[in-house]
Amino acid sequence: FRSHPGIDPIGIARSVQVRLDRGRWVQGGSTITQQLARNVFLNNQKKFGRKFREWILALALERKFSKDQILELYLNKVYYGGGAYGIDAASRKFFGHGAERLSLSEAAVIAGLVKAPSNYSPTADAEAAKGRAGVVIQQMVRNGYINQVQAEQADPESLKLASPAAQNSARYFTDWALPQLDTLIDETEAPLEVWTTLDPAMQRAADTAIRANAPAGAQGALVSLDRDGAVRAMVGGKDYVSSIYNRATQAQRQPGSSFKLFVYLAALEAGHKPEDSIVDEPVTIDGWSPRNDSRRNSGAVSLRTAFAYSLNTVAAKLGQEVGFTTIADMARRFGITTPINTHPAMVLGTSDVRLIDMTRAFASVAAKGVAVTPYGITRVTANSETIYTHEVDRSHVLVAPYVAAEMTDLLQTAVNTGTGRSAQIGRPVAGKTGT
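Take a look at the structure:
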């Protein structure tokens, strides 16, 4: 770095030879100055024209800036892992304070990240990070930047990382959202800025709700979508550090009576109305005899009342009438991606589903029957150029607007007078319990 003019002729020759042998660019022979030129001015397309411009810009940077200035610019642009670009961002990410407060051992950890951020990340592998920091410190002694006494005082083993508690729950969201970049944008090594849908206040409230209400030894999950499908909050468990398993997007659990959403959607689409009368009575279907939670039957009731009080016998009769396959098809139409059994008990939510799929289904009802697809990334820029913008698709109609309106009406009744009364918050709410 200290001696080359911005490009490495030997490295370039080796890169060109590989290009000729394999028919594509595999290794770039890029110097630090070339990497800086690419990160600041270019994209990461592996084409000769881009490589040629990179060489010209690297030579120009070397003429304009000193080696120390180039190194400073590079270190403030390069990726250090954990979403941190630049030394100050890395310092705040891993140690909870700005770069101006870095100790020698902390600085050595960050310096060691440049070679391989994923391999030496202090949050992913603390021992590897400390070992790499030790190598950096010894190189500083060898090159005369510090003496042996200072090296011994800068003990990487005594490092304390920033507490990840404040970012625990948000990590479930980023683990789900950021991998989607692979399908949204072309491959690039350029520094990216990613705008997401996450609302920090809603995320904190969601995290608090899970922690406050999940019993000891139990887990919980939450997904909050708006009517466009933007994920405003996501919690995949009580503590990300203890378990990175995202129960909001990966776990498959029986939804219980919340699955009746699809039973009643199918019934409404088939022509039923909320005020239609149906008899709540003992029923047996293919040897299966469901009972209500109260163990009582109420006789003739409206569909509205049956839904509000989650009457299992009525759900079973509706399932038999409209067809269990029809209900399964309705669930798939609304975004359920897991297998659905079509035996009679399926109306009570015996098939495993994902929370994010169920949330998507309810959000689609709220969107007046238009399909809602959950998304977490709104915009991506590279080198200040926008390379992706999310566009909401409202063209896929799942059910007629009147069916969605009637379903919303039933969901509101469930909260106002039925099993969901504890969810009342002093404003219109629609929902379904999983009794």
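FYI, this note's numbering numbers position 116 of the sequence shown as 127, with every residue one higher than the one before it.
Heads up, the beta-carbon is just placed ideally off N, CA and C, and yes, glycines get one too.
Note that the structure is a prediction, hence the values are computed from the model and not measured.
Point to revise | Straight-line gap, T392 to A122 (C-alpha atoms, nearest Å) | key: Locating residue 392 in the sequence shown gives position 381, where the first residue counts as 1. Locating residue 122 in the sequence shown gives position 111, where the first residue counts as 1. Straight-line Cα distance between these residues: approximately 26 Å.
Practice item. Tell me, to the nearest whole angstrom, how far the beta carbon of V252 is from that of I289; I am working on the premise that it is less than 8 Å. Key: By one-based count along the sequence shown, residue 252 stands at place 241. By one-based count along the sequence shown, residue 289 stands at place 278. 50 Å between Cβ atoms; not a contact.
Check your understanding: Which full runs of the beta strand (DSSP E) of 3+ residues lie inside the stretch 276–364, going along the chain?
Key -> 288–291, 310–313
**Study point:** Contact set for T349: own chain, Cβ-Cβ below 6 Å, skip 5 residues either direction
**Key:** Within the sequence shown, the letter at position 338 stands for residue 349. If we look at T349 and ignore the five residues flanking it on each side, its Cβ neighbours are Q263, D363, V364.
Exercise for review: Kindly confirm or deny that the stretch 193–202 and the stretch 45–52 touch, where touching means at least three C-beta pairs closer than 8 Å.
Suggested key: yes
Check your understanding: What residue does the beta strand (DSSP E) around R243 start on, and which one ends it?
Key -> Here residue 243 refers to the residue found at position 232 of the sequence shown. R243 -> beta strand (DSSP E) spans 242–246.
Review point. Could you check where the alpha helix (DSSP H) with A223 kicks off and where it finishes?
Key: By 1-based counting over the sequence shown, the position of residue 223 is 212. Run containing A223: 211–224, per the alpha helix (DSSP H) assignment.
Practice item. Report the residue from K284, R307, E73, E286 whose alpha carbon sits nearest the alpha carbon of V294. Key: The residue labelled residue 294 in the question sits at position 283 within the sequence shown. Checked all of K284, R307, E73, E286; the closest Cα to V294 is R307.
Check your understanding: Can you tell me whether K126 is buried or exposed, with buried defined as 16 or more other CB within 10 angstroms of its CB?
Key -> Within the sequence shown, residue 126 is the residue found at index 115, counting from 1. K126 should be labelled exposed.
Practice item. Taking all protein chains shown into account, decide if R143 is buried (16 or more other Cβ within 10 angstroms of its Cβ) or exposed. Key: By 1-based counting over the sequence shown, the position of residue 143 is 132. Label assigned to R143: buried.
Review point. Going by DSSP, what residues sit across from R390 in a beta bridge?
Key: Counting from one through the sequence shown, the residue named residue 390 turns up at place 379. In DSSP, R390 forms a bridge with W206, T400.
Practice item. Mark F273 as exposed unless 16 or more other C-beta atoms lie within 10 angstroms of its C-beta, in which case mark it buried. Key: Taking the sequence shown and counting its residues from 1, one reaches residue 273 at position 262. Buried: at least 16 other Cβ atoms inside 10 Å.
Review point. Which stretch, first to last residue, makes up the alpha helix (DSSP H) that contains S433?
Key: Numbered from its first residue, the sequence shown carries residue 433 at position 422. Run containing S433: none; DSSP gives neither H nor E here.
Practice item. Could you tell me how far apart the beta carbons of S305 and S268 are, in whole angstroms, since I believe they sit closer than 8 Å? Key: Position 294 of the sequence shown, counted from the start, is the residue given in the question as residue 305. Position 257 of the sequence shown, counted from the start, is the residue given in the question as residue 268. Contact flag wrong, Cβ pair sits at about 13 Å.
Exercise for review: Please go through the same chain and pick out, in chain order, the residues whose beta-carbon is closer than 7 Å to the beta-carbon of G330, but skip the five residues on each side of it.
Suggested key: The residue labelled residue 330 in the question sits at position 319 within the sequence shown. Closer than 7 Å at the Cβ level, and outside the excluded window around G330, lie V274, I338, P355, V358.
Practice item. Would you give the residue range spanned by the beta strand (DSSP E) that G267 belongs to? Key: Numbered from its first residue, the sequence shown carries residue 267 at position 256. Looking at the DSSP string, G267 is not in any beta strand (DSSP E), and its letter there is neither H nor E.
Practice item. Would you kindly report the start and end of the unbroken beta strand (DSSP E) that includes Q235? Key: Residue 235 sits at position 224 when you count from the first residue of the sequence shown. The identity of residue 235 in the sequence shown is Ser, whereas the question assumes Gln. Per DSSP, S235 belongs to the beta strand (DSSP E) from 233–236.
**Study point:** F12 burial status per 10 Å Cβ neighbour count (16 or more: buried)
**Key:** For the purposes of this step, residue 12 is identified with residue 1 of the sequence shown, where counting begins at 1. Exposed: under 16 other Cβ atoms inside 10 Å.
Review point. Going along the chain, which residues of its own chain have a beta-carbon closer than 6 Å to the beta-carbon of S309, five neighbours each way excluded?
Key: Residue 309 sits at position 298 when you count from the first residue of the sequence shown. Result list for S309: D291, in chain order.
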